[in-house]
Amino acid sequence: MVDERRVEETLDPENWDDLKVLGHKMVDDMIDHLASVRQRPPVMPINEQMAVAFMKPLPLEPEGIEKAYGDFKGGVLGTHMGLNTHPRFWGWVVGTGTAQGALAEMLATGINFNMPGGPFAPVLMETQVLEWFKGIFGFPRGASGLLVGGGSEANLLGIAVARNTKAGFDVRRMGQAAAPKRMVLYGSTETHVCIDKAVQLLGLGEESFRKIPVGDDYRIKVDALEAEIRKDKAAGLQPFCVVGNAGTTNTGSFDDLEALTDICQREGLWFHVDGAFGAWATIGGNTKPLVKGIDRVDSLAFDLHKWMYMPFDVACTLIRREEDHFKTFAEHPDYFGNAATMKLRTDYGLQVSRYFRSLKVWMGLKEHGLNKYGRLVQQNCDQAQYLAGLIRVSPELELLAPVASNVVCFRYRVPGLPEEALNELNSKVPMMLMGMGVAMISDTRLRGRLALRVCVVNHRSRREDFDLLVGKVREAGAMMLQKMGKG
Ligand SMILES: *Cc1c(COP(=O)(O)O)cnc(C)c1O
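Numbering (my numbering), first residue to last: 1359 to 1845.
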């Protein structure tokens, strides 16, 4: 029974003009926040009082948008120092985003487009962006692609297409268990953990992922790879894929893509490249040789939210032959109805509902032009070399890996101090830099040694920022040394 007395409701605002006023205020606040990011320290840990703001009971009745926004402004914006939007944030591989990108996101979610395909402008825009990417990376006209939520997903799609295409039987119908021979793939010990996850999710099992050693330059040892493939073939296994690294997370090293392509072509293997950030060396100035051969690979995964400085989240998979891609993911259930008569975006990946990711990419590329992004990629590599230079002339510091691109691994050194103590000392440095309000860097282990790691995917950094960093690392190291001497 319909209750005639009940008033029908909507989530629309009671007064659109009032919303406009608040909306303009939000834009002003956000832009002020970003414009002044350099004036604040990069990090301030959450204190207890701030945490209490997020322990409130669930509202059952309206508090109103003004109140919700006020709480956001006080509890998030007002306490947020900058983190990855700060000019001296160099931890992990985290992009900065742009203020313009934030506005593009507002437009994208305003339109709230979610069509699986068809003659709609946003569909054409994604196609356009993918065509641009195919051009940038030298993929042929018959290649396909998809915008996804991150490098992890982009890599998963690439490995899935590789597996299904190379299996030699109908994996979608029969499952991995039907493989007559164990299917194995290869990558260096420096490969990102998202490839392990892909291998796990695809039912291949981690034991099928052969981790090939790297040289002192942290690039895969090509001879060792060839030997391993030969050995596996002789043992009756089925090698099907090599995963190359264009920019490793630890040190920013690049595998020899040309050599790996040659091996794959000779051995009949799929060549997938994880270029999460490093693929963009393609558009830099003197970074181009690092990715020589990227135009010959079978599939490529890369992010836009790392080295292209676009807001989270957006990444891309490119597949050399569209039919391999389509055959891996296409499904047309009855309830797709008429839409099922055409190829849909969901035929190339996992998501059915997808948000309008291409807008910020399209707008960013239109606003700045590709060449400016190329100059910024080069600028970040130049800054890494500048930092490496400062480290080389500091007797208290030493580099722990060659600087191939935008990543610098180094440590505070104390001649005569045992490795264990040195690791302990260095492990405290990132937190100390944070506490001093100086910078945010991360750490990693390279051949057992604790390395301070600076990864520059930041369009706001300036050379002076690295001068400051080096001075403060020396200060922090000396302070720790003194403490350890006393303790
Ligand atoms: C960051 C990264 C990934 C994962 O990408 P997400 O966008 O974080 O999912 C994969 N590979 C490498 C080399 C990366 O640096």
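A virtual CB, placed ideally from N, CA and C, is assigned to each residue, including glycine. All of these numbers come straight from a predicted model, not from anything done at the bench.
- Linking Ala1536 to Thr1686 through their CA atoms gives a straight-line distance of about 17 Å.
- Just measuring C-alpha positions, the residue of Gln1407, Asn1738, Glu1616 and Thr1606 sitting nearest Gly1643 is Asn1738.
- In the structure shown, Trp1448 adopts coil according to DSSP, grouped into three states.
- Secondary structure note for Pro1597: its beta strand (DSSP E) is the uninterrupted segment Gln1596 to Asn1603.
- By the Cβ test, the segment 1689 to 1701 is not in contact with the segment 1438 to 1446, since fewer than three Cβ pairs between them sit closer than 8 Å.
- If you check the C-beta of His1550 against ligand 1, you find a heavy atom less than 7 Å away.
- Checking the 7 Å criterion, the Cβ of Ser1800 is out of range of every heavy atom belonging to ligand 1.
- The beta carbon of Gly1507 sits closer than 6 Å to the beta carbons of Asp1671 from its chain, once the five residues preceding and following it are set aside; these are given in chain order.
- Looking at the backbone, the Cα of Thr1640 and that of Glu1419 are separated by about 53 Å.
- When distances are taken from the beta-carbon of Phe1567 to the heavy atoms of ligand 1, even the shortest one reaches 7 Å or more.
- Between the segment 1544 to 1553 and the segment 1704 to 1722 there are fewer than three inter-stretch CB-CB distances shorter than 8 Å, so the stretches are not counted as touching.
- Ranking Leu1416, Leu1461, Arg1769 and Val1765 by CA distance to the CA of Asp1575 puts Val1765 first.
- The beta carbon of Gln1736 sits closer than 8 Å to the beta carbons of Gly1642, Gly1643, Asn1644 and Thr1645 from its chain, once the five residues preceding and following it are set aside; these are given in chain order.
- Look at Ile1799 here: in three-state DSSP terms it is coil, with no helix or strand label.
- Unbroken alpha helix (DSSP H) stretches of 4 residues or longer found wholly inside the segment 1404 to 1428: 1406 to 1410, given in chain order.
- Secondary structure of Gly1563 (DSSP, three-state): coil.
- Judged by the Cβ position, Phe1660 fails to qualify as a neighbour of ligand 1 at the 7 Å threshold, every heavy atom of the ligand being at least this far.
- Residue pairing for Leu1804: DSSP places it in a beta bridge opposite Arg1807.
- At a cut-off of 7 Å, the beta-carbon of Ala1809 does not count as near ligand 1: no heavy atom of the ligand is closer than that.
- Relative to Val1649, the option among Phe1635, Ile1621, Tyr1770 and Leu1615 whose CA is nearest is Leu1615.
- If the five residues before and after Pro1445 are omitted, its C-beta is found closer than 6 Å to the C-beta atoms of Arg1396, Arg1818, Ser1819 and Asp1823, all from its own chain and listed in chain order.
- Non-local beta-carbon contacts of Pro1480 in its own chain, meaning distances under 8 Å to residues more than five positions away in sequence, involve Ile1469, Phe1471, Met1473, Phe1714, Ser1716 and Leu1717 in chain order.
- Here Met1388 carries a helix assignment [DSSP, helix/strand/coil].
- Under the DSSP assignment, Leu1505 falls outside any alpha helix (DSSP H), being part of the beta strand (DSSP E) whose first and last residues are Ser1502 to Val1506.
- Spanning the alpha carbons of Val1580 and Gln1623 requires a straight line of approximately 14 Å.
- Here Thr1549 carries a coil assignment [DSSP, helix/strand/coil].
- At least one heavy atom of ligand 1 lies less than 7 Å from the C-beta of Ala1673.
- When DSSP states are grouped into helix, strand and coil, Ala1673 belongs to the strand group.
- Annotation for Asp1653: no alpha helix (DSSP H) segment contains it, and DSSP assigns it neither H nor E.
- Linking Arg1540 to Asn1513 through their CA atoms gives a straight-line distance of about 21 Å.
- In this structure, the beta-carbon distance from Val1557 to Glu1548 does not fall below 8 Å.
- Every unbroken stretch of the alpha helix (DSSP H) spanning 4 or more residues and falling wholly within the segment 1467 to 1516 is given here in chain order: 1479 to 1495.
- When DSSP reads this structure, Arg1769 sits in a beta bridge with Glu1756.
- Restricting attention to Thr1619, Gly1455 and Val1787, the CA atom closest to the CA of Asn1816 is found in Gly1455.
- Cβ-Cβ distances below 8 Å link Arg1807 to Leu1758, Arg1769, Glu1777, Leu1780 and Asn1781 in the same chain, with the five nearest sequence neighbours on each side left out; the list follows chain order.
- Out of Pro1788, Glu1754, Pro1760 and Cys1767, the CA that lies nearest to the CA of Leu1775 is found in Glu1754.
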